[in-house]
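A short worksheet on the structure shown next.
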Amino acid sequence: MEEIEFYLEDAKETMERAMKHLSIELSKIRAGKASPQMLDGIQVEYYGVMSPLNNVASITTPDARTIAIKPFEKKMIGEIEKAIRNSNVGLSPNNDGENIRLNIPMLTEERRRDLLKRVKQEIETAKVNIRNIRQNTNGDIRKLTKEGASEDDVKKGEERVQKLTDSFIAKVDQVYLVKEQDIMSV
155 MEEIEFYLED AKETMERAMK HLSIELSKIR AGKASPQMLD GIQVEYYGVM
205 SPLNNVASIT TPDARTIAIK PFEKKMIGEI EKAIRNSNVG LSPNNDGENI
255 RLNIPMLTEE RRRDLLKRVK QEIETAKVNI RNIRQNTNGD IRKLTKEGAS
305 EDDVKKGEER VQKLTDSFIA KVDQVYLVKE QDIMSV
(Lines of atoms letter the chains of each structure in order from A and count residues from 1; the text may use other names and numbers.)
(Lines give C-alpha, C1' and ligand atoms only; values in the text may rest on other atoms or scores of the structure.)
Protein backbone atom coordinates (compact mmCIF):
# COMPACT_ATOMS: atom_id res chain seq x y z
CA MET A 1 0.00 0.00 0.00
CA GLU A 2 2.97 2.31 0.60
CA GLU A 3 3.96 2.00 -3.05
CA ILE A 4 0.48 3.07 -4.13
CA GLU A 5 0.72 6.14 -1.90
CA PHE A 6 4.09 6.93 -3.45
CA TYR A 7 2.67 6.70 -6.97
CA LEU A 8 -0.35 8.83 -6.02
CA GLU A 9 1.87 11.52 -4.51
CA ASP A 10 4.11 11.46 -7.57
CA ALA A 11 1.09 11.74 -9.88
CA LYS A 12 -0.22 14.71 -7.89
CA GLU A 13 3.13 16.52 -8.09
CA THR A 14 3.39 15.85 -11.83
CA MET A 15 -0.17 17.10 -12.41
CA GLU A 16 0.63 20.25 -10.42
CA ARG A 17 3.65 20.82 -12.68
CA ALA A 18 1.35 20.41 -15.70
CA MET A 19 -0.95 23.07 -14.22
CA LYS A 20 1.99 25.40 -13.62
CA HIS A 21 3.14 24.90 -17.22
CA LEU A 22 -0.39 25.68 -18.42
CA SER A 23 -0.49 28.94 -16.46
CA ILE A 24 2.91 29.94 -17.89
CA GLU A 25 1.74 29.22 -21.43
CA LEU A 26 -1.55 31.07 -20.92
CA SER A 27 0.24 34.12 -19.50
CA LYS A 28 1.98 34.45 -22.88
CA ILE A 29 -1.39 34.78 -24.59
CA ARG A 30 -2.24 38.42 -24.25
CA ALA A 31 -5.73 39.63 -23.60
CA GLY A 32 -5.29 43.22 -24.76
CA LYS A 33 -3.48 44.43 -21.67
CA ALA A 34 0.28 44.94 -21.59
CA SER A 35 2.13 42.56 -19.29
CA PRO A 36 5.85 41.76 -18.97
CA GLN A 37 4.90 38.05 -18.80
CA MET A 38 3.93 38.26 -22.47
CA LEU A 39 7.65 38.25 -23.23
CA ASP A 40 8.53 35.28 -21.02
CA GLY A 41 10.24 32.60 -23.03
CA ILE A 42 11.91 35.03 -25.46
CA GLN A 43 15.60 34.21 -25.66
CA VAL A 44 18.22 36.79 -26.74
CA GLU A 45 21.71 35.98 -27.97
CA TYR A 46 24.03 37.59 -25.42
CA TYR A 47 27.73 37.14 -26.18
CA GLY A 48 27.04 33.87 -27.95
CA VAL A 49 24.79 32.46 -25.22
CA MET A 50 20.99 32.36 -25.38
CA SER A 51 19.63 34.25 -22.37
CA PRO A 52 16.10 35.12 -21.24
CA LEU A 53 15.07 38.64 -22.29
CA ASN A 54 14.59 39.73 -18.68
CA ASN A 55 18.27 38.90 -17.99
CA VAL A 56 19.53 41.42 -20.57
CA ALA A 57 16.94 44.22 -20.18
CA SER A 58 14.43 45.69 -17.78
CA ILE A 59 10.83 45.25 -18.86
CA THR A 60 8.12 47.63 -17.65
CA THR A 61 4.56 48.55 -18.55
CA PRO A 62 4.24 52.35 -18.42
CA ASP A 63 0.56 52.06 -19.36
CA ALA A 64 -2.02 49.39 -20.20
CA ARG A 65 -1.15 49.43 -23.92
CA THR A 66 2.67 49.66 -23.86
CA ILE A 67 5.60 47.48 -22.87
CA ALA A 68 8.92 49.30 -22.49
CA ILE A 69 12.20 47.40 -22.75
CA LYS A 70 15.43 49.07 -21.65
CA PRO A 71 18.54 47.00 -22.43
CA PHE A 72 21.21 46.90 -19.74
CA GLU A 73 23.72 47.41 -22.56
CA LYS A 74 22.87 49.75 -25.46
CA LYS A 75 24.47 47.49 -28.07
CA MET A 76 21.97 44.71 -27.23
CA ILE A 77 19.04 46.68 -28.68
CA GLY A 78 19.36 45.07 -32.13
CA GLU A 79 19.54 41.53 -30.72
CA ILE A 80 16.51 42.17 -28.51
CA GLU A 81 14.55 43.56 -31.44
CA LYS A 82 15.48 40.53 -33.56
CA ALA A 83 14.45 38.12 -30.79
CA ILE A 84 11.05 39.80 -30.41
CA ARG A 85 10.43 39.71 -34.16
CA ASN A 86 11.41 36.03 -34.33
CA SER A 87 9.18 35.08 -31.39
CA ASN A 88 5.50 34.38 -31.93
CA VAL A 89 4.15 37.14 -29.68
CA GLY A 90 2.83 39.06 -32.70
CA LEU A 91 4.19 42.46 -31.66
CA SER A 92 6.31 44.89 -33.66
CA PRO A 93 9.16 46.50 -31.72
CA ASN A 94 9.76 50.27 -32.05
CA ASN A 95 13.36 51.26 -31.35
CA ASP A 96 14.30 54.82 -30.37
CA GLY A 97 18.00 54.07 -29.97
CA GLU A 98 17.87 53.53 -26.21
CA ASN A 99 14.58 51.75 -25.53
CA ILE A 100 12.24 49.43 -27.35
CA ARG A 101 8.53 50.02 -27.12
CA LEU A 102 5.88 47.44 -27.92
CA ASN A 103 2.41 48.84 -28.52
CA ILE A 104 -0.37 46.42 -27.70
CA PRO A 105 -3.18 46.90 -30.23
CA MET A 106 -6.84 46.80 -29.25
CA LEU A 107 -8.19 43.35 -29.88
CA THR A 108 -10.67 42.90 -32.70
CA GLU A 109 -13.40 40.29 -32.44
CA GLU A 110 -11.51 38.13 -34.93
CA ARG A 111 -8.26 38.42 -32.96
CA ARG A 112 -10.10 37.51 -29.74
CA ARG A 113 -11.43 34.36 -31.41
CA ASP A 114 -7.91 33.46 -32.62
CA LEU A 115 -6.55 33.93 -29.11
CA LEU A 116 -9.33 31.78 -27.73
CA LYS A 117 -8.37 29.02 -30.20
CA ARG A 118 -4.79 29.16 -28.89
CA VAL A 119 -6.10 29.01 -25.33
CA LYS A 120 -8.24 25.98 -26.20
CA GLN A 121 -5.17 24.27 -27.71
CA GLU A 122 -3.18 24.88 -24.51
CA ILE A 123 -6.10 23.67 -22.39
CA GLU A 124 -6.43 20.51 -24.46
CA THR A 125 -2.68 19.89 -24.23
CA ALA A 126 -2.87 20.21 -20.43
CA LYS A 127 -5.79 17.76 -20.27
CA VAL A 128 -3.91 15.25 -22.45
CA ASN A 129 -0.84 15.60 -20.20
CA ILE A 130 -2.94 15.00 -17.09
CA ARG A 131 -4.59 11.95 -18.67
CA ASN A 132 -1.18 10.60 -19.68
CA ILE A 133 -0.03 10.99 -16.07
CA ARG A 134 -3.12 9.03 -14.98
CA GLN A 135 -2.38 6.30 -17.52
CA ASN A 136 1.27 6.00 -16.47
CA THR A 137 0.38 5.98 -12.77
CA ASN A 138 -2.29 3.31 -13.27
CA GLY A 139 0.27 1.23 -15.18
CA ASP A 140 2.73 1.55 -12.30
CA ILE A 141 0.04 0.61 -9.76
CA ARG A 142 -1.03 -2.45 -11.81
CA LYS A 143 2.56 -3.68 -11.84
CA LEU A 144 2.36 -3.89 -8.04
CA THR A 145 0.09 -6.96 -8.31
CA LYS A 146 3.14 -8.88 -9.58
CA GLU A 147 4.97 -7.75 -6.46
CA GLY A 148 2.28 -9.02 -4.12
CA ALA A 149 -0.20 -6.13 -3.80
CA SER A 150 -3.82 -7.23 -3.51
CA GLU A 151 -6.22 -6.58 -6.36
CA ASP A 152 -8.47 -4.61 -3.99
CA ASP A 153 -5.59 -2.26 -3.12
CA VAL A 154 -4.81 -1.83 -6.82
CA LYS A 155 -8.47 -1.07 -7.62
CA LYS A 156 -8.65 1.46 -4.76
CA GLY A 157 -5.43 3.04 -5.99
CA GLU A 158 -6.79 3.33 -9.52
CA GLU A 159 -9.99 4.90 -8.18
CA ARG A 160 -7.95 7.46 -6.24
CA VAL A 161 -5.89 8.24 -9.35
CA GLN A 162 -9.15 8.79 -11.26
CA LYS A 163 -10.46 11.16 -8.56
CA LEU A 164 -7.17 13.06 -8.65
CA THR A 165 -7.36 13.26 -12.45
CA ASP A 166 -10.97 14.48 -12.34
CA SER A 167 -10.05 17.22 -9.85
CA PHE A 168 -7.17 18.46 -12.02
CA ILE A 169 -9.30 18.37 -15.18
CA ALA A 170 -11.89 20.48 -13.31
CA LYS A 171 -9.12 22.96 -12.38
CA VAL A 172 -8.06 23.15 -16.03
CA ASP A 173 -11.67 23.82 -17.06
CA GLN A 174 -11.86 26.59 -14.44
CA VAL A 175 -8.64 28.16 -15.77
CA TYR A 176 -10.17 28.10 -19.25
CA LEU A 177 -13.32 29.89 -18.10
CA VAL A 178 -11.27 32.63 -16.42
CA LYS A 179 -9.03 33.10 -19.46
CA GLU A 180 -12.02 33.09 -21.84
CA GLN A 181 -13.68 35.80 -19.74
CA ASP A 182 -10.44 37.80 -19.78
CA ILE A 183 -10.07 37.58 -23.56
CA MET A 184 -13.69 38.16 -24.52
CA SER A 185 -14.30 41.13 -22.22
CA VAL A 186 -13.92 44.37 -24.15
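Per our numbering, the sequence shown starts with residue 155, numbered consecutively.
All residues carry an ideal CB built from backbone N, CA and C; glycine is no exception.
- Under the three-state reduction of DSSP, D194 is assigned to coil, being neither helix nor strand.
- Bounds of the beta strand (DSSP E) holding M204 are 203-206.
- Setting aside the 5 residues that flank it on each side, D307 is surrounded in the same chain by M155, I158, each with a C-beta closer than 7 Å to its C-beta; the list follows chain order.
- When the Cα atoms are used, E163 and A172 turn out to be separated by approximately 14 Å.
- CA-CA distance, A237 to I295, rounds to 45 Å.
- Under DSSP, I221 takes part in a beta bridge, and its partners are L256.
- For A165, the closest alpha carbon among the candidates S304, N290, A303 is that of N290.
- Inter-segment contact for the segment 220-240 and the segment 194-212 is present: three or more beta-carbon pairs are separated by less than 8 Å.
- The segment 254-267 makes contact with the segment 213-221, as at least three CB pairs between them are under 8 Å.
- In its chain, beyond the 5 residues on either side, M204, S205, P206, L207, A237 have a beta carbon closer than 8 Å to the beta carbon of Q197.
- Counted as a single uninterrupted DSSP element, the stretch harbouring N242 is not any beta strand (DSSP E), since DSSP gives it neither H nor E.
- Out of S304, D327, S189, the CA that lies nearest to the CA of L245 is found in S189.
- Relative to N249, the option among G311, V315, P225, K271 whose CA is nearest is P225.
- Cβ contact annotation for V326 (same chain, cutoff 8 Å, sequence separation greater than five): M173, L176, I277, A280, K281, I284, in chain order.
- When DSSP reads this structure, N248 sits in a beta bridge with R255.
- Closest by C-alpha distance to Y201, out of K229, P216, S212, D194, is K229.
- Secondary structure note for I183: it is in no alpha helix (DSSP H), with a DSSP letter that is neither H nor E.
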